[in-house]
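Peer 1:
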Amino acid sequence: MSTSAELVGGRYGRTFQGDTPEELPAAVSQLLERRCIRRYTAEPISDSMMDVLLACAQSAPTKSNLQQYSIIVTTDEDLRMKLADLNPDTGHMKYCPVFITFCADMRRAKRLTERNGFDYASNNMDTFLNATVDAALAMQCFISAAESMGLGCAPISQVRNRMEEFCAALGIPEGVFPIAGLTLGWPDWEGRMNARLPQSAVVHREKYDDSGIDDVVDGYDAQRLETNPISADGQRHTDKYGVSENCTWSENVARQLSVTERAGFRDFLVKNGFDLA
Ligand SMILES: Cc1cc2nc3c(=O)[nH]c(=O)nc-3n(C[C@H](O)[C@H](O)[C@H](O)COP(=O)(O)O)c2cc1C
546 MSTSAELVGG RYGRTFQGDT PEELPAAVSQ LLERRCIRRY TAEPISDSMM DVLLACAQSA
606 PTKSNLQQYS IIVTTDEDLR MKLADLNPDT GHMKYCPVFI TFCADMRRAK RLTERNGFDY
666 ASNNMDTFLN ATVDAALAMQ CFISAAESMG LGCAPISQVR NRMEEFCAAL GIPEGVFPIA
726 GLTLGWPDWE GRMNARLPQS AVVHREKYDD SGIDDVVDGY DAQRLETNPI SADGQRHTDK
786 YGVSENCTWS ENVARQLSVT ERAGFRDFLV KNGFDLA
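With the numbering used here applied, the sequence shown has no gaps in its numbers, which climb one by one up to 822 at the end.
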């Protein structure tokens with residue numbers, strides 16, 4: 546069994562120098578060891594288990610308890626294949642027994658505002674953000690609960706690649722949009738730990754200070770190059786930039802972010818009822 550220092554170090558792929566408590570609760574150890582799982586057995590997930598997991602998703606904090614999100618659970622084989630066909634690069638969508646879509650949802654609260662005889666005056670950027678954060682937190686609570694029950698999952702932002710068709714397939718109405726999908730199933734693979742940036746890159750003590758960031762990222766790049774090199778398949782936009790012999794994490798980030806993804810997203814949201822003012 547790993548010590549708490551090994552578990553914390555494992556998250557960063559290196560020995561952890563700081564103090565750690567002698568023992569960690571199981572939920573914390575599990576969080577430190579979590580990773581996406583993209584291969585599943587054909588075993589179904591019971592309805593009773595799904596009900597518990599969905600209650601865990603709904604246990605997430607939510608802005609003013611407005612609960613501006615919806616969760617669509619898809620198990621029907623034909624419908625799952627239809628969604629998978631819209632995302633051919635995401636092979637595991639075909640093999641997960643359950644596919645879940647987490648949506649930001651302004652529709653329900655707007656409707657009940659009007660049903661109570663009030664004018665709805667909250668169709669703006671703040672509501673867009675609150676609904677998105679609500680949906681994301683619900684998804685993470687679902688993920689943590691599912692992983693603690695031995696299930697595996699992986700979020701899928703690629704569902705936003707063909708938004709119109711995806712929303713049409715799931716009957717997603719105006720005022721609602723998917724923030725991400727989630728493949729879910731019993732793991733057929735143990736997955737792989739994806740070491741994170743050191744705390745010094747991400748955590749700022751007292752005030753924001755990123756003056757040392759270049760050195761920290763260089764160290765992370767070197768560590769990942771040694772332990773988890775990026776294969777030609779994993780390198781972004783090789784059609785444009787070719788294959789690097791030693792593609793670092795930060796080079797791959799730069800490759801990815803040098804090409805605009807989903808440029809039509811804002812237009813889709815506006816067309817789908819979000820003012821974004
Ligand atoms: C909002 C969101 C969207 C994601 N979309 C995808 C996706 O479309 N395809 C995919 O394979 N993984 C997707 N992921 C999973 C990330 O690639 C993964 O979390 C990241 O590489 C870190 O790996 P780990 O979760 O195993 O530690 C997504 C994760 C998040 C949070």
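Backbone N, C-alpha and C fix where the C-beta goes; we use that ideal spot for every residue, glycine too.
Keep in mind that this is a model prediction, so the values were computed, not measured.
Going by other Cβ atoms of all chains shown within 10 Å of its Cβ, with 16 needed for buried, is HIS837 buried or exposed?
Peer 2: Since the first residue shown for the chain is 546 and the last is 822, residue 837 is missing from the structure and cannot be characterised.
Peer 1: For ARG801 versus SER789, is the C-beta distance shorter than 8 Å?
Peer 2: For the purposes of this step, residue 801 is taken as the residue at position 256 of the sequence shown. For the purposes of this step, residue 789 is taken as the residue at position 244 of the sequence shown. Strictly speaking, residue 801 in this sequence is Gln, with Arg absent from that position. Not closer than 8 Å, so no.
Peer 1: Quick one: is ILE724 buried, meaning 16 or more other Cβ sit within 10 Å of its Cβ, or exposed?
Peer 2: On the sequence shown, position 179 is the one that residue 724 refers to. Burial call: buried.
Peer 1: Is DSSP giving VAL815 helix, strand or coil here?
Peer 2: The residue labelled residue 815 in the question sits at position 270 within the sequence shown. Three-state DSSP puts VAL815 in a helix.
Peer 1: Who pairs with ASP650 in a beta bridge, going by DSSP?
Peer 2: Within the sequence shown, numbered from 1, the residue matching residue 650 stands at position 105. ASP650 pairs with VAL721.
Peer 1: What did DSSP end up calling SER604 once you bin it into helix, strand or coil?
Peer 2: Taking the first residue of the sequence shown as position 1, residue 604 is located at position 59. Coil, per DSSP.
Peer 1: Identify whether VAL804 lies in helix, strand or coil by the three-state DSSP scheme.
Peer 2: The residue given as residue 804 occupies position 259 in the sequence shown. Three-state DSSP puts VAL804 in coil, outside helix and strand.
Peer 1: What are the residues that DSSP puts in a beta bridge with PHE644?
Peer 2: Mapped onto the sequence shown, residue 644 falls at position 99. THR619 and THR728.
Peer 1: Give the DSSP bridge partners of PRO633, in chain order.
Peer 2: In the sequence shown, the residue the question calls residue 633 occupies position 88. According to DSSP, which records beta bridges pairwise, PRO633 is partnered with nothing at all.
Peer 1: Report the partner residues of CYS698 according to the DSSP bridge assignment.
Peer 2: As a first step, residue 698 must be located in the sequence shown, where it is residue number 153. DSSP, once it has assigned bridges, lists LEU729 as partnering CYS698.
Peer 1: Indicate whether LEU577 and VAL553 have their beta-carbon atoms separated by less than 8 Å.
Peer 2: Start at 1 with the first residue of the sequence shown, and residue 577 comes out as number 32. Start at 1 with the first residue of the sequence shown, and residue 553 comes out as number 8. Cβ atoms of LEU577 and VAL553: closer than 8 Å.
Peer 1: Taking buried to mean at least 16 other C-beta atoms within 10 Å of its own C-beta, is TYR753 buried or exposed?
Peer 2: For the purposes of this step, residue 753 is identified with residue 208 of the sequence shown, where counting begins at 1. Exposed: under 16 other Cβ atoms inside 10 Å.
Peer 1: Is DSSP giving TYR665 helix, strand or coil here?
Peer 2: Mapped onto the sequence shown, residue 665 falls at position 120. Here TYR665 sits in coil by DSSP.
Peer 1: Specify, as a first and last residue, the run of the alpha helix (DSSP H) that ASP760 falls within.
Peer 2: Position 215 of the sequence shown, counted from the first residue, corresponds to residue 760. From DSSP, the alpha helix (DSSP H) with ASP760 extends over 758-772.
Peer 1: DSSP three-state call for TYR614: helix, strand or coil?
Peer 2: Locating residue 614 in the sequence shown gives position 69, where the first residue counts as 1. Strand.
Peer 1: Among the candidates PHE810, VAL748, ALA600 and GLU551, whose CA atom is the shortest distance from the CA of CYS686?
Peer 2: By 1-based counting over the sequence shown, the position of residue 686 is 141. The option with the nearest alpha carbon to CYS686 is ALA600.
Peer 1: Would you give the residue range spanned by the alpha helix (DSSP H) that MET738 belongs to?
Peer 2: Here residue 738 refers to the residue found at position 193 when the sequence shown is read from its first residue. Looking at the DSSP string, MET738 is not in any alpha helix (DSSP H), and its letter there is neither H nor E.
Peer 1: Using only alpha-carbon positions, find the residue among THR607, THR783 and PRO642 that is nearest to GLU622.
Peer 2: Mapped onto the sequence shown, residue 622 falls at position 77. For GLU622, the nearest C-alpha among the options comes from PRO642.
Peer 1: Could you check how far apart the C-beta atoms of ALA602 and ILE616 are, in whole angstroms? I think they sit under 8 Å.
Peer 2: Stepping through the sequence shown from its first residue, residue 602 is reached at position 57. Stepping through the sequence shown from its first residue, residue 616 is reached at position 71. Contact holds; Cβ gap of about 6 Å.
Peer 1: Would you say the beta carbon of ASN661 comes nearer than 7 Å to a heavy atom of ligand 1?
Peer 2: By 1-based counting over the sequence shown, the position of residue 661 is 116. ASN661 Cβ: outside cutoff for every heavy atom of ligand 1.
Peer 1: Which word fits GLU709, buried or exposed, when buried means at least 16 other C-beta atoms lie within 10 angstroms of its C-beta?
Peer 2: Your numbering for residue 709 matches position 164 in the sequence shown. By the 10 Å Cβ count, GLU709 comes out exposed.
Peer 1: Give every residue of the same chain whose Cβ lies closer than 8 Å to the Cβ of VAL761, excluding the five residues on either side of it in the sequence, and list them in chain order.
Peer 2: Translated into the one-based positions of the sequence shown, residue 761 becomes position 216. The answer, listed in chain order, is LEU742, PRO743, SER745 and ALA746.
Peer 1: For the structure I just gave you, are there three or more beta carbon pairs, one from the segment 685-699 and one from the segment 577-586, closer than 8 Å?
Peer 2: Yes, they touch.
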